Structure formats: structure tokens, C-alpha cells
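Protein chains: 2
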Amino acid sequence: MNSSITIAILDDHPVVIEGLRKILHTHFQLKELLEFHTGHDFIEYVAKQRNTIDVLLLDITLPDTNGVELCRRIKLLSPNTKVLGFSNHNDRALVMQLLANGANGYLLKNASASEIMRCITDAMNGQITFSEEIKTIISKPSPSDLRTVPPLTKREQQILKMIADGRTSNEISAELQVSPLTIETHRRNLMQKFDVKNVASLIKTAHQLKLLS
Amino acid sequence: MNSSITIAILDDHPVVIEGLRKILHTHFQLKELLEFHTGHDFIEYVAKQRNTIDVLLLDITLPDTNGVELCRRIKLLSPNTKVLGFSNHNDRALVMQLLANGANGYLLKNASASEIMRCITDAMNGQITFSEEIKTIISKPSPSDLRTVPPLTKREQQILKMIADGRTSNEISAELQVSPLTIETHRRNLMQKFDVKNVASLIKTAHQLKLLS
DNA sequence: TTTTTTCTAATGGTTTTCCAGTAGTTTTAC
DNA sequence: GTAAAACTACTGGAAAACCATTAGAAAAAA
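As C-alpha cells, this is what we get:
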């Protein structure tokens, strides 16, 4: 199918690595299949051996690094390496961010073997490529996409957590020894920052942005 | 190591299944290795073939079902099957919920091959078992853990999502073509089931139990 | 030290949620 | 075909959230 290529996997899940190894070996003629478990390991390797890897399957949630930032650094060091995000998050904003940082595509971990093969081939041909489920997600533009994560003050973070715990403004004000009106103001400021119109979506959004446990 | 056993995998990630297959086949003497991709498929099978599966590796986030509720139903149908949660979520509450609903243990997907083997062996021996990372998480106790997951009706799930999207009862009622009062009732029933007293904690709890995206 | 940000607080009103209980109709399960 | 569950809808009232705007004091950053 292809001339011999070099693929790298960066993932901290032994099961996933094992599964990918099987799939890649049976469907591609591999020159080499490299495995890394931490962002640090990979950066170290690629800093020495630049542009030797054709395709990288990059897990986004790694123990030591944030995948988006990692992607940016990888592309700086080794621009010819095609980087494919490979993760469970079907979050439009995340995909966009990754692309903005140089990624060549994005696959969900529930992708089938044939999808994985197709994406790798696409990437080798210089295309930006996605697994099926991601295609549908990114095709419908959502308004609240380019919303940067609003920086919250400490007080706001504190109150956000208390709201999420189901406490009312009055209860919170009693606990923090301030006026209920103050809490109301914080609450409204929070909703403004997140561009939502009630607590329900406030809590949901905060959760999605990993601001709550 | 063991006498011949039957293991089932319920997961919608081809890569994970492939990886598990490899690991399990090389380390266990398997009578059979069954694979399922949806909760529905598995329930259908286990309703006919009860207690024939020794160990089930159960992914918690499946396309069609919520894993905790699924676990409960599986244990009702086939109590001798050891159910091991197998997921990415290192959330204490989720693990507790799963145990409260009959699970025999919980593994993170980043578990090593040896950890997976140990957990399966433990479970076969009747022990409750966890992968290393989970052990540390569950060792620090937190209150309000052992609530059983309330089974939600389809309508309730639908309305829960709409509430989380920030829609008011009036907006929801308009969209679903029912009386606002009906939505209020659903809303109250939801809060009762989750034992919370306002939407903020409703959404938070639902999120923790993986009932929302 | 000056400027900016954060935290605090208020007015005054509208909308929505929250609470408790009841009950008819429709759908699902045995 | 009957029983159970789910969905629907109501009354009526209290509590809380939501809206828009302004502004002084404290803390942090320039």
C-alpha cells in the first residue's frame, strides 16, 4: 500500500499501544514503529533525530504534559513529522486548538482500524484528516468556539466551587462573611465570563473546562 | 497460571480491544474471549447465557448506555460474572458508584499488562481489586460516596441535558411541546433522584456520574 | 507610586426555580 | 390483559436567581 514508513506512538496506555501495534503492523509496511510514554521522552528523542518520523499518533492527555502545547513544540523541532491527535475527547474546541498548533489531523480512540489507516495515509499525502465522528463534530460550527478560557480570580474559583456544591448565595455569603449581594455580583461576573445565562450551563461549562473536580 | 477461563470485553474502542486481546491471550489460558461494542449487545447475550462469563472488562463510557447502571443490570442477570470497570476516569465517586452497583473492581486504562493480569486473578479469587493509581485515589475517604445511581428515564435524560445546556423550563417546554409545569415536575423528580436541592449540584453530580458529555 | 484589577456592596425590579401534593393518560412489562 | 412505570399536568406560594448599573476600598501589578 505504502512505501515503508516510520510511525511513532506517544501514549501512556499499554493496552492502546498494544492495540495500535497490532493494527499498524498488519496494515502497513513499517520501517520502524517507535513507542513513547511521556512527552518528555519524545521531545528528547525528536530533538536529536529530527524529521525521521513520518507520522506521530499523539495522545492528548498525558501524565506529564498538555498535548496541545506538546504538539506545537514537536512541529517546531520536526516540521516534516505529521502529527495526528489521538484521544478520547470529542471536543470541538480542543481539536481546533490542536490544529492551530500545527497538528495534521485528529482521531478519536474509538476509531476503527480502517479509519486509523485512512487517516495515516491521508496525513502522509499532506492532507488534514479526521476520523468520522470528529468530522461531524467540526462540521457544525458552534458560536462559543473561539471563546478563550476566561481567567478566574481566586475568589471566583472559590465561589464557583461553592455554587457547584449546591449552596445558595445566602449560604455562601454567610460562610464567607460577606454580603449576599456580593455573592450575587460574583455569580453574575462568573456567568458573564463564561458567556452563559444561568448556573446550569455555568456548572456544565466549568466542568468541561476542567475547572471543577 | 489459571485453569481455563472465559473473559468478555465490552468496549467501543477497536484499538483497546485489540490491545487487550493481545495481552490476555499471551498471559492467560483462555477458554473464550468475547467482544462486545455496546451495552445493548452485551445485555442481550448475558440474558441468554447467564453466568457463563467469568470476568467482564467493562468500559464505563459507552455510546448507548451509562456504565454504572449497566453494571447493576449485568450483576442482576449474571451474578457470578466478575465485573471490572475499565475506563479512563480516575474519579473516586465514579468508582464508588460502580462498587455500590456490584462491580468487583476497577482498572484505569493506563494500567500495565501485569496490573491487568493481577486484577483479573484477584477478581477470580473473589476479591475486590483495583489498579495501582485507583488504590491511592480511593484510600482517601470522602463523604457522600455510596449513593446508588438512580436509573433515569429517557425523558429525564433528555431534559437533564437540556437543563445542562442552560435552557429554562419554559424554553424546554416550548421545544418539547408540553406544559412548563410538566418540565418543572421532571426537574423536581430529577433532583429528588439525585438527592440534591438545586440545579447547580444536579448538573455537577450528573457530570461526575458521566451522565453528561 | 501610580494604575489596574479584584473584592466588596448597593438599588430595585423581573423571572425562574423550588417545594409539596395530587392525579389522569399513555406506554411498557409480565 | 392487567399491573406497573412513565409521562403528563395542575394549584399555589416561598425562595432564589437573574438583570443592569454604579461605585468605594483593598490588593496586586506596572
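If you read the protein sequences in the order shown, they are chains F and A.
Following my numbering from start to finish, the first sequence increments by one per residue and tops out at 213.
Following my numbering from start to finish, the second sequence increments by one per residue and tops out at 1213.
All C-beta atoms, glycine included, are put in the ideal place defined by N, C-alpha and C.
Given the structure is predicted, the values throughout are model-derived calculations rather than measurements.
Which residue or residues does DSSP assign as beta-bridge partners of residue i?
{"i": "serine 1087 of chain A", "result": "A:Leu1108"}
{"i": "phenylalanine 215 of chain F", "result": "Outside the displayed range of chain F (1 to 213) lies residue 215 of chain F, so it cannot be described from this structure."}
{"i": "leucine 1056 of chain A", "result": "A:Ala1008, A:Val1083"}
{"i": "phenylalanine 214 of chain F", "result": "Outside the shown range of chain F, which is 1 to 213, sits residue 214 of chain F, and nothing can be said about it."}
{"i": "leucine 1030 of chain A", "result": "A:Ile1005"}
Excluding the five sequence neighbours on either side, which residues of its own chain have a C-beta within less than 8 angstroms of the C-beta of residue i, listed in chain order?
{"i": "isoleucine 7 of chain F", "result": "Leu24, Phe28, Leu30, Glu32, Leu33, Leu34, Ile53, Asp54, Val55, Leu56, Leu57, Ile120"}
{"i": "leucine 160 of chain F", "result": "Leu152, Leu190, Leu202, Ala206, Leu211, Leu212"}
{"i": "histidine 13 of chain F", "result": "Asp59"}
{"i": "serine 1004 of chain A", "result": "Gln1029, Leu1030, Lys1031"}
{"i": "proline 1141 of chain A", "result": "With a pLDDT of 49 at proline 1141 of chain A, under the threshold of 50, the modelled position of that residue is not reliable, and no figure is offered here."}
{"i": "leucine 98 of chain F", "result": "Ile60, Gly67, Val68, Cys71, Gly85, Tyr106"}
{"i": "asparagine 1051 of chain A", "result": "Ser1078, Pro1079, Asn1080, Thr1081"}
{"i": "lysine 48 of chain F", "result": "none"}
Could you tell me which of the options sits nearest to residue i, measuring between CA atoms?
{"i": "threonine 1182 of chain A", "options": "A:Phe1194, A:Met1191, A:Ser1169, A:Gln1192", "result": "A:Ser1169"}
{"i": "phenylalanine 1036 of chain A", "options": "A:Val1016, A:Asn1051, A:Thr1026", "result": "A:Val1016"}
{"i": "proline 1151 of chain A", "options": "A:Leu1209, A:Gln1049, A:Leu1062", "result": "A:Leu1209"}
{"i": "alanine 111 of chain F", "options": "F:Gly102, F:Asp122, F:Ile134, F:Val68", "result": "F:Ile134"}
{"i": "threonine 26 of chain F", "options": "F:Ala113, F:Thr136, F:Arg155", "result": "F:Ala113"}
{"i": "aspartate 1166 of chain A", "options": "F:Glu175, F:Met96, F:Ile43, F:Asp195", "result": "Reading off the sequence shown, one finds glycine at residue 1166 of chain A, where the question assumed aspartate. Cα-wise, what sits closest to glycine 1166 of chain A is F:Asp195."}
{"i": "threonine 1038 of chain A", "options": "A:Thr1065, A:Arg1050, A:Glu1018, A:Asn1051", "result": "A:Thr1065"}
{"i": "glutamate 1115 of chain A", "options": "A:Ala1100, A:Lys1109, A:Ser1131", "result": "A:Ser1131"}
{"i": "glutamate 69 of chain F", "options": "F:Lys48, F:Ser179, F:His89, F:Leu94", "result": "F:Leu94"}
{"i": "isoleucine 1137 of chain A", "options": "A:Lys1048, A:Arg1092, A:Glu1044, A:Thr1185", "result": "A:Arg1092"}
{"i": "glutamate 1175 of chain A", "options": "A:Thr1185, A:Gln1158, A:Arg1188", "result": "A:Gln1158"}
{"i": "arginine 188 of chain F", "options": "F:Lys204, F:Gln177, F:Glu156", "result": "F:Glu156"}
{"i": "glycine 126 of chain F", "options": "F:Pro14, F:Pro79, F:Lys197", "result": "F:Pro79"}
{"i": "proline 1063 of chain A", "options": "A:His1040, A:Ala1100, A:Leu1098", "result": "A:His1040"}
Keeping to the same chain, check which residues put their C-beta closer than 6 angstroms to that of residue i; ignore five residues upstream and five downstream.
{"i": "threonine 1081 of chain A", "result": "Ile1053, Leu1056"}
{"i": "threonine 1129 of chain A", "result": "Gly1105, Cys1119, Asp1122, Ala1123"}
{"i": "lysine 1193 of chain A", "result": "Pro1150"}
{"i": "phenylalanine 1042 of chain A", "result": "Leu1010, Phe1036"}
{"i": "lysine 204 of chain F", "result": "none"}
{"i": "glutamate 44 of chain F", "result": "none"}
With a threshold of 7 angstroms on Cβ separation, who are the neighbours of residue i within its own chain once the five nearest residues in sequence on each side are excluded?
{"i": "valine 1083 of chain A", "result": "Leu1056, Leu1058, Cys1071, Ile1074, Lys1075, Gly1102, Ala1103, Asn1104"}
{"i": "threonine 1061 of chain A", "result": "Gly1067, Ser1087, Lys1210"}
{"i": "proline 1143 of chain A", "result": "Its pLDDT being 41, under 50, proline 1143 of chain A is placed unreliably in this model, and the value from its coordinates should be taken loosely. Excluding sequence neighbours, proline 1143 of chain A sits near nothing in its chain."}
{"i": "histidine 1186 of chain A", "result": "Arg1155, Glu1156, Ile1159"}
{"i": "serine 173 of chain F", "result": "Ser179, Pro180, Thr182, Ile183"}
{"i": "methionine 1117 of chain A", "result": "His1027"}
{"i": "methionine 162 of chain F", "result": "Ile172"}
{"i": "glutamine 1177 of chain A", "result": "none"}
Can you give the beta carbon distance from residue i to residue j, rounded, assuming they're within the 8 angstroms contact cut?
{"i": "valine 1199 of chain A", "j": "alanine 200 of chain F", "result": "5 angstroms"}
{"i": "valine 1046 of chain A", "j": "leucine 1020 of chain A", "result": "That pair is no contact at about 19 angstroms."}
{"i": "leucine 1108 of chain A", "j": "asparagine 1090 of chain A", "result": "6 angstroms"}
{"i": "lysine 1197 of chain A", "j": "glutamate 18 of chain F", "result": "Contact doesn't hold; Cβ gap of about 46 angstroms is too wide."}
Residue i: beta carbon under 7 angstroms from a heavy atom of the ligand PLP?
{"i": "arginine 188 of chain F", "result": "What this structure holds is no ligand at all, so the ligand PLP is not there to describe."}
Report task. Could you run through the stretch 25-44 of chain F and flag, in chain order, every residue whose CB is less than 8 angstroms away from some CB of chain A? Result -> none
**Report entry** Interface positions of the stretch 1170-1201 of chain A facing chain F (Cβ-Cβ less than 8 angstroms), listed along the chain
**Finding:** Val1196, Lys1197, Asn1198, Val1199, Ala1200, Ser1201
Query raised in the report: Of all the residues that make up the stretch 1065-1092 of chain A, which are near chain F by a beta-carbon distance shorter than 7 angstroms?
Result: Asn1088
Requested in this report: Using a Cβ-Cβ cut-off of less than 8 angstroms, give me the residues of the stretch 95-122 of chain F that come near chain A, in sequence order.
Outcome: Lys109, Asn110, Ala111, Ser112, Ala113, Ile116
Requested in this report: Compile a chain-ordered list of the residues in the stretch 1011-1025 of chain A whose CB is closer than 9 angstroms to at least one CB of chain F.
Outcome: Asp1011, Asp1012, His1013, Pro1014, Val1015, Val1016, Ile1017, Glu1018, Gly1019, Leu1020, Arg1021, Lys1022, Ile1023
Query raised in the report: For the stretch 148-165 of chain F, which residues have a beta carbon sitting closer than 8 angstroms to at least one beta carbon of chain A?
Result: Ile163, Ala164, Asp165
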